[in-house]
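If you read the sequences in order, they're chains A and B.
Taking this note's numbering, the leading residue of the first sequence gets 114, the next gets one more, and so forth.
Taking this note's numbering, the leading residue of the second sequence gets 1295, the next gets one more, and so forth.
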Amino acid sequence: MDVLSPYKEATDVILEAGGEPLKLCYQCGLCTGICPWNLVRSFLVRRIMHAAQLGAIDFGSEDIWTCVTCRACVQRCPRGVEIIDVMRALRRAVASMGIGVVPDALRISAKNIAGVGNPLGEAPEKRNDWAKDLKVKNFASGTEILYFPCCVPSYDPDVKTIARSTATIFNKLKIDYGLIGTEAKCCGESIRKAGHEDTFQSLAQNNINLFTSNGVKTVVVSSPHCYHTFKNEYPELGSKFEVIHTTQYLASLIEQGKLKLSKEINKKVIYSDPCYLGRHNSVYDEPRKVLQSIPGLELIEFPDAREEGLCCGGGGGRIWMDTPKGERFSDIRVEQAVAKGADIIALACPYCFLNYRDSVLSMGKAETMQVKDIAELVAEAI
Amino acid sequence: MEEIKTGVYICHCGLNIAGTVNVEEVARYAGTLPNVVVARDYRYMCSDPGQALIKDDIKNLGLNRVVVASCSPRMHEPTFRRACQDAGLNPYLFEHANIREHCSWVHDDRQIATEKAKDLVRAAVRRVFYNEPLEIKERPLNPNVLVVGGGIAGIQAALDIANGEHRVYLVEKEPAIGGHMAQLDRTFPTLDCSECILTPKMTEVGQHPFITLLAYSEVEEVAGSVGNFKVRVKKKARYVDEEKCTGCGVCEEKCPWKVDSEYEVGMGKRGVVYVPFAQAIPHVATIDKERCVYFLKGKCRACEKFCDAKAIDFEQKDEIVELEVGSIILTTGYDVFDSRRIPQYGYGRYDNVLTGLEFERMTCAAGPTGGKVLLKDGRQPESVAIIHCVGSRDENYHEYCSRVCCMYALKYAHLIKENTQAEVYQMYIDMRCFGEGFEEFYRRVCDEGVNFIRGKVAKVTDVALTEGEQGKLAVIAEDTLLGGIIRVPVDMVILCPALEARFGAEDVAKLFTINRRADGFFMERHVKLDPVATATEGVYIAGCCEGPKDIPDTVAQASAAAAKALSVISRGRVVIEPTTAQVNEVLCQACGRCEEICDFHAPKVISKDGLRVSSVDAALCKGCGACAVVCPTGAMSVRHSTREQINGMVEALLEV
Ligand SMILES: Cc1cc2nc3c(=O)[nH]c(=O)nc-3n(C[C@H](O)[C@H](O)[C@H](O)COP(=O)(O)OP(=O)(O)OC[C@H]3O[C@@H](n4cnc5c(N)ncnc54)[C@H](O)[C@@H]3O)c2cc1C
Ligand code: SF4
Ligand code: SF4
């Protein structure tokens, strides 16, 4: 029989890696009750917290890599435990100190990011190729806005549409914007959550230097992940620019009367809150405002929306890992959208886009259920 | 004799009675009974219109007896007595039949329940026939108050009353006041230094013009009742003249014999002649006669030679002090459970297994280690386990929760973290942090990095299973949150033993004629609505003698008890219930059996005009009737429960 014994050295490693908040956990179990994983399989968050407190953690366990950092638990934890910080600390302990193993898929993405600055392993000089035919200028000192689309829409042929739709809208409205040079790298948000702190630090430093030397004052981003790290993490490392998510930017243009949507989209549209826009940054209203400004469009809601919104399954580095069929949150969401009679699932995050698109395809629903970024819908309605 | 005119009122109590008993039929039946001039049923007799029925009938029909058949007299006898009184009828001419608790609530069969209700009403009607008007008397009271026990509860109660300029006698059995609080280092959750907040109060007691402090004293006898207690106190000989002693401590220094100090719970020594602690009030020395070599062997008297004040007095005798007081507040506190009773925790066997109180002394700057947390061998511990619920919440020892241990366990964790680098493990079943600022303190201690392991400790052992356990104590439990056995190797174990009823609480309860609960603590009159009163009028309880509690609750109760006593004082008179025993002096043979049986010392055989007869002190008599039962001649009877009344009821019940 296994006998436990507190292992202080392990606890110290976790604390050192940023796991301090775990000390506050009083084992109520609310996090486990709230965590979306328990919709599809058992994931005992509370137990992980306690094992970490005692240093009795199995660093080889799959559990270390399970959390999607959706913040559902943190938002409700009665002791204010930053559970995601603890999960990140466990991953850091594995990744940087070599106790336990980093899952293969994650290792490859990490290597790509560290090597070529994007998780897809694509050539840095191709970063802005998506815009080749769209006549987008390069950002130069004095340009009002830097548009930063995120690595996925920059490279993934199926997701490019997000970036292209955004550029199309901006072009039509004659917005003074540009793209930064191909020295730009992944924002680093997810690789940081996946425990690769050093990689994050160097990515962030690279981007901050690049933006600062180009005189960037305002960045518009398509990904809530870029948004989150630019807004909340980069400033600690010296960044000073303003960050706006496309949905926020579009909403403000509509409000100012600069963006007028005239073409009708006579569809039922259901909006899925991205965790990093919603729970992590409390942006709930602007995406909805934009959708409601489209003539003919009927906005409907998921049974769990806004603060309760279900994660797509792609946060915390999970976007690079394989989630077996039957455990995919986006599958649950597609079912819900179908049940609600939606025609289109509207999104505001490239990771969501990847996951929902996969779900719709693998569930054989591509004929009846469309997956679109809000920028795409706006581009259609303009 | 005047004609007896009885009114009978049957209450529906909504459906509580009427649902099971045919109340109309009972009322009709009651109307046929002898001497009944009116019988009614009504939805709620206790309501204003219900009472008005009675009052109007008394006035209009000239009723001189009233029977209400309704709920328990505990509920509404006072209501209906008052109604009678308001209408000019002596309240003792009212009789209550309980057809709810005794009938409708315990029967299902309507027929049988209705018959039983009739029987009960018939008995009450017969009884009331023999009722006599009785007079309620009042007498003046003595405003002095006796407080027994000089812990924080007694200190607080004494000060509250004395500040109202009433005389307080504070009796403390130990040489100094302060109780357990004087032994504590810092107090949760604010971490105030116990000494700093207690000493000013102790000094105030010592100097208060309205407080007479009788330390090193015990109550020997209590007689009388609320308003007029007579109390005999034995002031034990200290063999030191309190007036002369300056508390300089030279005697203790020079005393060649050292024994374990009670104040330091055995972790420090004191002289056989000693001042218990630096801030002791009264600040005078006491010779521990049991252990004094002069008293044992007839030689020594070292102290006497060195005392400049000439205060040592080997001839001193115990002194008896007679007090007269109107109210009594008992604040005799608690004892700490003896952890040796749970041998598997190793207390008394392993050097570094301590109790909470021992740890209090250890962290106290003035204590035996100068405030340092140290192992027996002088090292600092690298790891400490704190074991909760030692003897509490355990049917093998005490079923109840001791209420303070979770919090002082957190306090210890904090103090250990503050003073050492040690890892601290709380081994708990539930964390109960319910008071003001408690949960916040719990959070703070979590944040300090203390480990919490949920599981009742099974065993503490020095048998090492692994290298890490070598030279340590392994604390074994199930970590119920991980679902596995956990062994925590530590250098020091602190036990949190239960707070239990004082040794001797039974005798104190007897002395003051109050009750104890099954757990041994003194019983309050009503757990919710009368928490500091007792079964005996004028005797109040406060602090841990009533059950485990922390200092804030203790002080609140002490002030509550003081307020009760002050309220009696401010009324200035006490009511004497007329339902007491009475002697028919013609029949009395002065056999004294009544005197023997009475728990309250009410009857006494006295000489009256040259004749020996029993005489009852109405102030002491509770009207229980024990004497009336043992009296062989029938001389003794209890007013309002006379032989005629009881026999009348029995006869009525047996007729059918
Ligand atoms: C280890 C430990 C730590 C604690 N820490 C805290 C804390 O941090 N904060 C907190 O709020 N509470 C704490 N408590 C609880 C606290 O000790 C009690 O709430 C408080 O002392 C109760 O006071 P008391 O006056 O009712 O009883 P006691 O302190 O027991 O005082 C009773 C007094 O009556 C005297 N006496 C007894 N019998 C007689 C008699 N027959 N005649 C005359 N005198 C008599 C005794 O000698 C004593 O002086 C702790 C308790 C323990 C065991
Ligand atoms: S919700 Fe917070 S306090 Fe409760 S178990 Fe989870 S982390 Fe711990
Ligand atoms: S952040 Fe989301 S996935 Fe991670 S533990 Fe909390 S609820 Fe579960």
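The beta carbon of each residue, even a glycine, is placed where N, CA and C say it ideally should be.
Cβ-based neighbour list, residue i, same chain, cut-off 6 Å, excluding 5 preceding and 5 following
i	result
CYS300 (chain A)	CYS339 and THR342
GLY1301 (chain B)	VAL1332, ASP1351, LEU1357 and VAL1360
CYS1699 (chain B)	HIS1682 and CYS1790
Neighbourhood of residue i by C-beta distance below 7 Å, restricted to the same chain and skipping five residues each side
i	result
GLY1886 (chain B)	VAL1899
ARG79 (chain A)	Nothing can be reported for residue 79 (chain A), as the shown portion of chain A is limited to 114 through 495.
ARG1697 (chain B)	PRO1842, LYS1843 and ASP1844
Proximal residues of chain A, C-beta to C-beta of residue i below 8 Å
i	result
ASP1741 (chain B)	LYS136 and LEU137
VAL1782 (chain B)	SER118 and PRO119
Residue i - DSSP class collapsed to helix/strand/coil
i	result
ARG1951 (chain B)	The question about residue 1951 (chain B) has no answer here: the residues shown for chain B are numbered 1295 through 1950.
PRO1783 (chain B)	strand
MET1930 (chain B)	strand
ILE293 (chain A)	coil
HIS1370 (chain B)	helix
GLY1798 (chain B)	coil
LYS239 (chain A)	helix
SER1364 (chain B)	strand
CYS186 (chain A)	helix
MET1817 (chain B)	coil
GLY1917 (chain B)	coil
GLU414 (chain A)	strand
MET1721 (chain B)	strand
GLN314 (chain A)	helix
TYR1628 (chain B)	strand
LYS1538 (chain B)	coil
GLY1448 (chain B)	helix
9 Å Cβ cut-off: residues of chain B touching residue i
i	result
ASP115 (chain A)	GLY1778 and ILE1779
ARG67 (chain A)	Past the boundaries of the shown model lies residue 67 (chain A); chain A is included only from 114 to 495, so the question cannot be answered.
GLN140 (chain A)	PHE1746, ARG1748 and LEU1775
ALA169 (chain A)	ASP1773, LEU1776, GLY1778 and ILE1780
Backbone CA spacing between residue i and residue j [nearest angstrom]
i	j	result
CYS1882 (chain B)	ALA1418 (chain B)	30 Å
ILE212 (chain A)	ARG205 (chain A)	10 Å
GLY1919 (chain B)	LYS1822 (chain B)	29 Å
GLY168 (chain A)	ARG305 (chain A)	22 Å
LYS1964 (chain B)	ASP1380 (chain B)	No information on residue 1964 (chain B) is available, as it lies outside the stretch 1295 to 1950 that chain B covers here.
GLU1584 (chain B)	VAL1567 (chain B)	11 Å
ILE1808 (chain B)	ILE1623 (chain B)	12 Å
LEU292 (chain A)	TYR1719 (chain B)	56 Å
SER431 (chain A)	GLU440 (chain A)	Checking the sequence shown, residue 431 (chain A) turns out to be Arg, not Ser. Rounded to the nearest angstrom, the two C-alpha atoms are 12 Å apart.
SER1366 (chain B)	ALA1391 (chain B)	8 Å
GLY1458 (chain B)	VAL1849 (chain B)	17 Å
GLU1871 (chain B)	GLY1685 (chain B)	44 Å
GLN1551 (chain B)	ALA1836 (chain B)	The sequence as given places Trp at residue 1551 (chain B); Gln does not occur at that position. Near 38 Å, if we compare the C-alpha coordinates of ALA1836 (chain B) and TRP1551 (chain B).
ARG1738 (chain B)	LEU1767 (chain B)	27 Å
THR312 (chain A)	ALA227 (chain A)	6 Å
MET1369 (chain B)	LEU1355 (chain B)	27 Å
GLY1928 (chain B)	SER1909 (chain B)	14 Å
THR1481 (chain B)	GLU302 (chain A)	47 Å
GLN166 (chain A)	ASN319 (chain A)	35 Å
GLY1565 (chain B)	GLU1547 (chain B)	7 Å
GLY1640 (chain B)	ILE1788 (chain B)	11 Å
Chain A residues whose Cβ lies nearer than 9 Å to that of residue i
i	result
GLY1762 (chain B)	SER118
Amino acids of chain B, ordered along the chain, whose beta-carbon sits closer than 7 Å to that of residue i
i	result
HIS163 (chain A)	LEU1775 and LEU1776
Beta-carbon proximity list for residue i, same chain, < 8 Å, skipping 5 on both sides
i	result
GLY1543 (chain B)	VAL1569 and ALA1579
ARG1933 (chain B)	GLU1426, LEU1428, PRO1872, THR1873, THR1874, ALA1875, GLN1876 and GLY1917
Amino acids of chain B, ordered along the chain, whose beta-carbon sits closer than 8 Å to that of residue i
i	result
GLN166 (chain A)	ASN1745 and PHE1746
* Asked: Along the stretch 1728 to 1754 of chain B, what residues have a CB closer than 9 Å to any CB found in chain A?
  -> TYR1736, ARG1737, CYS1740, ASP1741, GLU1742, GLY1743, VAL1744, ASN1745, PHE1746, ILE1747 and ARG1748
* Asked: Residues in the stretch 1693 to 1725 of chain B with C-beta within 8 Å of chain A's C-beta atoms, listed in sequence order?
  -> Correct list: GLU1717, TYR1719 and MET1725.
* Using a beta-carbon distance cut-off of less than 8 Å, what residues from the stretch 183 to 194 of chain A approach chain B? -> ARG192
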